[in-house]
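Novice: In UniProt numbering, the protein residues as written are 1 to 243.
Ideal Cβ placement from N, Cα and C applies to all residues, glycine included.
(1) DSSP three-state call for residue 169: helix, strand or coil?
(2) Once DSSP output is grouped into helix, strand and coil, what is the label at residue 22?
(3) With contact counted as at least three CB pairs below 8 Å, one residue from each stretch, are the stretch 206-214 and the stretch 134-143 in contact?
(4) Decide if the stretch 71-78 is in contact with the stretch 86-101; the criterion is three or more beta carbon pairs, one per stretch, under 8 Å apart.
(5) Looking at the unbroken alpha helix (DSSP H) that takes in residue 94, where does it start and where does it end?
(6) Which residues bound the alpha helix (DSSP H) around residue 220?
(7) Per DSSP, what kind of secondary structure is residue 72 in: helix, strand or coil?
(8) If I'm right that residue 150 touches residue 237 with Cβ under 8 Å, what's the distance once you round it to whole angstroms?
(9) Going by DSSP in three states, residue 145 sits in which element: helix, strand or coil?
(10) Is the beta carbon of residue 84 sitting closer than 8 Å to the one on residue 75?
(11) From residue 235 to residue 152, what distance separates their C-alpha atoms?
(12) Can you give me the C-alpha to C-alpha distance between residue 221 and residue 229, rounded to a whole angstrom?
(13) Using three-state DSSP, classify residue 6 as helix, strand or coil.
(14) Kindly list the residues whose CB is nearer than 7 Å to the CB of residue 233, restricted to its own chain and excluding five residues on each side of it in sequence; keep chain order.
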């Protein structure tokens, strides 16, 4: 007869066989899946695992956030009360020192200030460019007006005003005579031009009257002033063109 021990072994073997039949090994069901599909499933599983690792690594640690860490006090094993209080005081003083000497950085304020300065600089450059363009245009306009004015004055200077219905009975005569020209009285003897140039004139030169002298002096002064004005205008125009 079979002993109790043998009967127990047989029962355990039967249970094991029934379990293997109902729940096959974990690798047995993978053998029925094609190899390509298994590789795709494996790569997806690896991608999921990698994304989890990346998320965990991207979280900043408490000490890496740039802020001063707040100390958490806990009495150590075997530490006396006096030593514990002394340690807390030292760490608190250290935190206060770091807080007082920390650089006050305000990136949210610095960035708008830089952008504002840049915008102000661009605006100032645009204003300067516009002012230069306006000044250049104004200068050209003034030059044009001055040239037109000079041209108009010259035309007025050399234009005689003739009234309507006026008739010229004789050709125009010169009011101002040359300095070396001989003054002949009316009805005097007309000698040869060569004799007058050589100085052999039989006609005696008479002294002009005071009224005649005054008229000639005024006319000469008027012509000199007119010449000076024309010369000054020409010099001013040349100087402006050089600029």
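Specialist: The structure says:
(1) coil
(2) At residue 22, the pLDDT of 48 sits below 50, so the modelled position is not reliable and the matter cannot be decided from this model.
(3) Counting Cβ pairs under 8 Å, fewer than three are found: no touch.
(4) yes
(5) 81-100
(6) 210-242
(7) Correct three-state label for residue 72: coil.
(8) 7 Å
(9) helix
(10) yes
(11) Approximately 18 Å, taken between the alpha carbons.
(12) 12 Å
(13) Under the three-state reduction of DSSP, residue 6 is assigned to helix.
(14) 150
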